[in-house]
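Here's the structure, in structure tokens; my notes come after.
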Amino acid sequence: MKLTLKIWRQPSQNVKGKFETYNLDNVSEHMSFLEMLDVLNEKLSFEQKIPIAFEHDCREGICGTCSLVINGQPHGPLQGTTTCQLHMRNFKDGETIVIEPYRASAFPVLKDLSVDRGALDRIIQAGGFISVSTGQAQDANAVPIEKDVASHAFDAATCIGCGACVAACPNSSAMLFTSAKVAHLALLPQGKVEAQKRVLNMVRQMDLENFGNCSNITACEAECPKGISVSNIALMNREFLSASFSSNDAN
Amino acid sequence: MSWMTNALKPIGLVWFANFLTSSIGKKLLMSLSGLFLILFLPVHLIGNLQLLTKDAGVSFNLYSYFMTHNPLIKTVSYLLYFSIILHTIQGLLLWRKNKKAKGKIGYAVNALRGDGTNVKAAANMAWLGIIIFVFIAVHMYQFWLQMKLGKVPLVIIEGTEYKNLYEPVVLAFSNPGFVVFYVVSMVIIGIHLNHGFQSSFQTLGLNHKKYTPFIQYIGRVYSFIVPFGFAIIPIIVYGRNNLWW
Chain A
1 MKLTLKIWRQ
11 PSQNVKGKFE
21 TYNLDNVSEH
31 MSFLEMLDVL
41 NEKLSFEQKI
51 PIAFEHDCRE
61 GICGTCSLVI
71 NGQPHGPLQG
81 TTTCQLHMRN
91 FKDGETIVIE
101 PYRASAFPVL
111 KDLSVDRGAL
121 DRIIQAGGFI
131 SVSTGQAQDA
141 NAVPIEKDVA
151 SHAFDAATCI
161 GCGACVAACP
171 NSSAMLFTSA
181 KVAHLALLPQ
191 GKVEAQKRVL
201 NMVRQMDLEN
211 FGNCSNITAC
221 EAECPKGISV
231 SNIALMNREF
241 LSASFSSNDA
251 N
Chain B
252 MSWMTNALKP
262 IGLVWFANFL
272 TSSIGKKLLM
282 SLSGLFLILF
292 LPVHLIGNLQ
302 LLTKDAGVSF
312 NLYSYFMTHN
322 PLIKTVSYLL
332 YFSIILHTIQ
342 GLLLWRKNKK
352 AKGKIGYAVN
362 ALRGDGTNVK
372 AAANMAWLGI
382 IIFVFIAVHM
392 YQFWLQMKLG
402 KVPLVIIEGT
412 EYKNLYEPVV
422 LAFSNPGFVV
432 FYVVSMVIIG
442 IHLNHGFQSS
452 FQTLGLNHKK
462 YTPFIQYIGR
472 VYSFIVPFGF
482 AIIPIIVYGR
492 NNLWW
């Protein structure tokens with residue numbers, strides 16, 4: 001395959017960036033998108049040029065490190081797939097591919113295609129956990145939970161925190177991410193204990209991080225590589241409403 | 252949000268101020284004010300349909316007298332003005348915040364997709380809303396303010412004097428430019444409601460496998476029928492004026 005790549009290059013956070021065009025020959029259709037970028041980076045290194053910075057880790061679609069907006073879509077054109085699991089057979093020979101970093105004020109570009117997604121980590125730190133004493137793992141059947149509820153919690157838990165929802169949202173809202181974390185824990189018996197405190201703290205942190213506001217456009221759900229449903233946002237709204245009016249937190 | 256927190260602190264409602272100024276609290280205000288306006292529109296439409304009865308405006312004038320003199324309706328009307336202002340100001344503030352959140356540099360390629368809603372409408376609610384606000388402003392100036400200031404001719408129905416709002420309305424609808432403006436505005440309102448109706452339920456947390464598909468269906472029906480009902484009135488009145496039928 002022969003490709004024309006228009007890639008956003010930006011030396012560092014406070015320096016203006018611009019698109020650079022690269023031509024790449026002999027791209028195998030079996031390559032993943034990131035392998036294709038690896039090949040381009042090797043070529044750039046041979047030419048004594050600075051390779052393109054992009055994030056990646058597991059390359060198995062489960063860690064949430066890879067990002068990229070490919071032809072206007074976070075994680076590219078294939079539904080329910082991360083960039084690392086996107087293969088070049090999904091593109092045409094001779095195609096021009098535009099590769100941009102996630103765009104959001106809360107995700108400043110660090111270099112080229114790599115952005116700082118620390119804001120999502122700080123939302124987790126605000127309450128996306130369960131404070132239980134560690135010890136022996138309980139017998140699985142000791143905690144009764146209905147199958148449908150367990151499945152709903154599991155679906156929410158599949159969120160890998162990649163931030164595609166923020167990137168896809170015209171408002172750069174992080175509500176799909178936050179709601180997935182809130183729902184995952186609020187639905188389970190272990191998480192119910194701290195549910196009110198959790199939703200109040202996580203939403204508060206989300207607001208502090210300068211994300212935009214949800215206006216139910218649902219672009220987040222459409223682009224989410226894990227298919228997280230916007231029904232989680234409704235669940236978070238319910239949790240937040242009840243926690244605001246009935247929690248023991250005077251503020 | 253300092254001013255609201257400061258205002259509600261002395262009465263022990265800091266938590267409520269924090270709630271209202273949170274992202275979800277702001278959404279909730281948009282949703283509730285929007286739903287109230289959604290409830291109001293069919294009531295307004297039923298009144299407007301009186302324009303179509305062929306009685307030289309008697310039923311319409313009796314209706315507008317009722318609307319301006321019934322104490323319950325007058326009370327609710329203040330809630331209505333408040334909802335319009337709240338929905339507009341909060342909407343503009345959110346719009347500004349969201350633009351700031353997206354940052355100065357947008358995507359070179361835009362491929363907006365969505366699930367289960369009118370994505371184009373959803374992403375342009377602010378623009379649609381601004382056009383609707385201009386329409387409401389013109390509308391209020393033209394009919395509501397004239398009615399309030401009493402610059403409306405009088406008419407005698409069964410021995411009692413009533414304001415003849417029917418006359419300026421029919422006059423306005425004889426202007427083809429105004430008819431076009433009115434009909435286009437109704438299309439815009441329909442698009443706004445097409446997203447707004449189901450969105451307001453989602454914001455309230457009312458998302459359920461059993462009800463959401465029905466709410467979305469009703470939203471689509473409502474956002475077509477109500478603006479359609481409003482839009483046909485000036486067209487029919489214009490047609491009658493010009494003796495098309």
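Residue numbers (the working numbering), protein chains in the order written: chain A, 1 to 251; chain B, 252 to 496.
Every residue, glycine too, gets a C-beta built ideally from N, C-alpha and C.
Can you give the Cα-Cα distance for residue i and residue j, rounded to whole angstroms?
| i | j | result |
| --- | --- | --- |
| Val149(A) | Leu37(A) | 41 Å |
| His87(A) | His75(A) | 11 Å |
| Leu302(B) | Tyr417(B) | 7 Å |
| Phe287(B) | Pro77(A) | 40 Å |
| Pro293(B) | Phe452(B) | 18 Å |
| Ala388(B) | Val406(B) | 27 Å |
| Thr83(A) | Val166(A) | 16 Å |
| Glu60(A) | Met31(A) | 14 Å |
| Val27(A) | Thr96(A) | 13 Å |
| Asn299(B) | Arg238(A) | 37 Å |
| Leu296(B) | Ala372(B) | 23 Å |
| Ser253(B) | Ala119(A) | 23 Å |
| Gln341(B) | Met281(B) | 7 Å |
| Arg117(A) | Ala359(B) | 21 Å |
| Val469(B) | Pro189(A) | Note on identity: in this sequence residue 469(B) is Ile, with Val being the wrong assignment. The alpha-carbon atoms of Ile469(B) and Pro189(A) are separated by roughly 36 Å. |
| Val385(B) | Lys192(A) | 47 Å |
| Lys49(A) | Leu113(A) | 16 Å |
| Ala157(A) | Val15(A) | 37 Å |
| Ser12(A) | Ala180(A) | 32 Å |
| Lys402(B) | Ile408(B) | 19 Å |
| Asn312(B) | Val420(B) | 11 Å |
| Lys147(A) | Ile289(B) | 38 Å |
| Asn361(B) | Asn445(B) | 22 Å |
| Leu5(A) | Ala164(A) | 21 Å |
| Ser328(B) | Leu187(A) | 42 Å |
Whose C-beta lies closer than 8 Å to the C-beta of residue i among residues of the same chain, with five residues either side of it excluded?
| i | result |
| --- | --- |
| Cys63(A) | Asp57, Ile160 |
| Asn201(A) | Ala126, Gly127 |
| Ile383(B) | Ser436, Ile439, Ile440, His443 |
| Leu330(B) | Phe287 |
Sorted by chain position, which residues of the same chain lie with C-beta nearer than 7 Å to residue i's C-beta, five sequence neighbours on each side aside?
| i | result |
| --- | --- |
| Ala423(B) | Gln393, Phe429 |
| Ser105(A) | Ser172, Asn210 |
| Val115(A) | Ser67, Pro101, Tyr102, Phe107, Pro108, Val109 |
| Phe270(B) | Gly276 |
| Ser215(A) | Asn171 |
| Ile233(A) | Met175, Leu176, Ser179, Cys214 |
May I ask which residues mark the beginning and end of the beta strand (DSSP E) holding residue i?
| i | result |
| --- | --- |
| Phe19(A) | 18-24 |
| Arg491(B) | From DSSP, Arg491(B) is part of no beta strand (DSSP E) but of the alpha helix (DSSP H) over 463-492. |
| Thr4(A) | 3-9 |
| Glu99(A) | According to the sequence displayed, residue 99(A) carries Ile and not Glu. Unbroken beta strand (DSSP E) run through Ile99(A): 96-100. |
| Val109(A) | 109-111 |
| Glu412(B) | 411-414 |
| Val406(B) | 405-408 |
Quick one: give me the first and last residue of the alpha helix (DSSP H) that residue i is part of.
| i | result |
| --- | --- |
| Ile233(A) | 231-246 |
| Trp346(B) | 322-353 |
| Val435(B) | 427-454 |
| Thr272(B) | 265-272 |
| Lys371(B) | 370-374 |
| Tyr417(B) | 417-423 |
| Leu200(A) | 195-208 |
| Gln190(A) | 189-192 |
| Cys266(A) | Examination of residue 266(A) is not possible in this model, given that chain A is present from 1 through 251 alone. |
| His75(A) | Segment: none, His75(A) is in no alpha helix (DSSP H) and carries neither H nor E. |
Leaving out five residues on either side along the sequence, give the residues of the same chain with a beta carbon under 6 Å from the beta carbon of residue i.
| i | result |
| --- | --- |
| Leu44(A) | Pro51 |
| Ser284(B) | Ser334, Leu337, His338 |
| Thr454(B) | Lys278, Ser282 |
| Ala174(A) | Val166, Met206, Phe211 |
Which of the residues in the segment 453-481 of chain B, read from start to end, lie with their CB under 9 Å from any CB of chain A? Within the segment 453-481 of chain B, the residues whose Cβ lies closer than 9 Å to some Cβ of chain A are Gln453, Thr454, Leu455, Gly456, Leu457, Asn458, His459, Lys460, Thr463, listed in chain order.
For the segment 201-213 of chain A, enumerate the residues whose C-beta is nearer than 8 Å to any C-beta of chain B, in chain order. Along the segment 201-213 of chain A, going in chain order, the ones with a CB nearer than 8 Å to a CB of chain B are Val203, Arg204, Met206, Asp207, Asn210, Phe211, Gly212, Asn213.
Taking only beta carbons into account, state which residues of the segment 357-385 of chain B come closer than 8 Å to chain A, listed in chain order. Correct list: Gly357, Tyr358, Ala359, Val360, Asn361, Ala362, Leu363, Arg364, Gly365, Asp366, Gly367, Thr368, Val370, Ala373, Ala374, Met376.
Quick one: which residues of the segment 327-356 of chain B get their C-beta closer than 7 Å to a C-beta of chain A? List them in chain order. Hits within the stretch, in order: Leu345, Lys348, Asn349, Lys351, Ala352, Lys353, Gly354, Ile356.
Taking a cut of 9 Å between CB atoms, which residues from the segment 31-53 of chain A lie near chain B? Listed by position along the chain: nothing, the set is empty.
Which of the residues in the segment 59-83 of chain A, read from start to end, lie with their CB under 8 Å from any CB of chain B? Of all residues in the segment 59-83 of chain A, Val69, Asn71, Gly72, Gln73 have a Cβ within less than 8 Å of some Cβ in chain B.
Taking contact to mean 3 or more Cβ pairs, one atom from each stretch, closer than 8 Å, check whether the segment 339-353 of chain B and the segment 368-388 of chain B are in contact. The segment 339-353 of chain B is in contact with the segment 368-388 of chain B.
Are there three or more Cβ pairs, one per stretch, closer than 8 Å when the segment 121-139 of chain A is compared with the segment 200-218 of chain A? When C-beta atoms of the segment 121-139 of chain A are compared with those of the segment 200-218 of chain A, three or more pairs fall below 8 Å, so the two segments count as touching.
How do the segment 362-369 of chain B and the segment 307-321 of chain B stand: do at least 3 beta-carbon pairs fall below 8 Å, yes or no? With a cut-off of 8 Å, the segment 307-321 of chain B and the segment 362-369 of chain B do not count as touching, because too few Cβ pairs lie within range.
Mind listing which residues of the segment 171-203 of chain A have their C-beta closer than 8 Å to chain B's C-betas, in chain order? Of all residues in the segment 171-203 of chain A, only Asn171, Ser172, Ser173, Met175, Val203 place a beta-carbon less than 8 Å from a beta-carbon of chain B.
Mind the definition here: the segment 479-488 of chain B touches the segment 433-440 of chain B only if three or more C-beta pairs lie below 8 Å; say whether that holds. Yes, the segment 479-488 of chain B is in contact with the segment 433-440 of chain B.
Do three or more CB pairs link the segment 189-197 of chain A to the segment 349-359 of chain B at distances below 8 Å? No: the two stretches stay apart, fewer than three of their Cβ pairs being nearer than 8 Å.
Does the segment 240-248 of chain A come within contact of the segment 266-282 of chain B, defined as at least 3 CB pairs closer than 8 Å? Short answer: they touch.
Return the residues of the segment 92-115 of chain A that lie within a Cβ-Cβ distance of less than 8 Å from chain B, sorted by chain order. For the segment 92-115 of chain A, the set of positions with a beta-carbon nearer than 8 Å to some beta-carbon of chain B reads Val98, Glu100, Arg103, Ala104, Ser105, Ala106 in chain order.
Interface residues of the segment 210-235 of chain A facing chain B [CB-CB below 8 Å]: Shown in chain order are the members of the segment 210-235 of chain A whose Cβ falls below 8 Å from a Cβ of chain B: Asn210, Phe211, Gly212, Asn213, Cys214, Ser215, Asn216, Ile217, Thr218, Ala219, Glu221, Ala222, Glu223, Val230, Ser231, Ile233, Ala234, Leu235.
Closer than 9 Å, Cβ to any Cβ of chain B: which residues of the segment 10-32 of chain A, in chain order? Identification of residues in the segment 10-32 of chain A having a C-beta nearer than 9 Å to some C-beta of chain B yields Gly17, Phe19, given in sequence order.
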